[in-house]
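Since the structure comes first, as structure tokens, the remarks are kept for the end.
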Amino acid sequence: MRSEEEANRAIDRYADLVRRLCMVHLKNPADTEDIFQTVFLKYVLSSAVFESPEHEKAWFIRVTLNACRDLLKSFFRSRTISLDTSWPTT
């Protein structure tokens, strides 16, 4: 498990990157915040040792994209429809 200092450094460095990737893939601010929390929780709990800052950045990109894809293909998300399309208009 990583220290609070390491987590804060990673958030300062990669928060914009993670949020932008999520918004591009999910197009939903609420889902973006969920994935943001998931990615940084995985980072804090991860014991991965990074060889360089580029390796760490690549890890964040890959984990973010995988989390977005997992959310998009989840059973719940595939079985829901928008209220706009299901609610009859008069």
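Quick note, this note's numbering runs 15 ahead of the 1-based positions in the sequence shown.
Think of the CB as a built atom: it goes at the ideal place given N, C-alpha and C, for glycine as much as any other residue.
All figures in this text were calculated on a predicted structure; none of them were measured in a lab.
So, at 8 Å on beta carbons, what are the nonlocal neighbours of residue i in its own chain, with the 5 sequence-adjacent residues on each side left out?
i, result
"Val-54", "Val-33, Phe-75, Val-78, Thr-79 and Ala-82"
"Met-38", "Pro-44 and Thr-47"
Suppose the cutoff is 6 Å on Cβ atoms and the five residues either side in sequence are ignored; what does the same chain contact list for residue i look like?
i, result
"His-40", "Cys-83"
Once DSSP output is grouped into helix, strand and coil, what is the label at residue i?
i, result
"Lys-106", "Here the chain has residues from 16 to 105 only, and residue 106 is not among them."
"Arg-17", "coil"
"Val-64", "coil"
"Asn-23", "helix"
"Asn-43", "coil"
"Lys-88", "coil"
To which residues of the same chain is residue i closer than 7 Å at the C-beta, ignoring the five residues directly before and after it?
i, result
"Val-59", "Met-16, Arg-17 and Ala-22"
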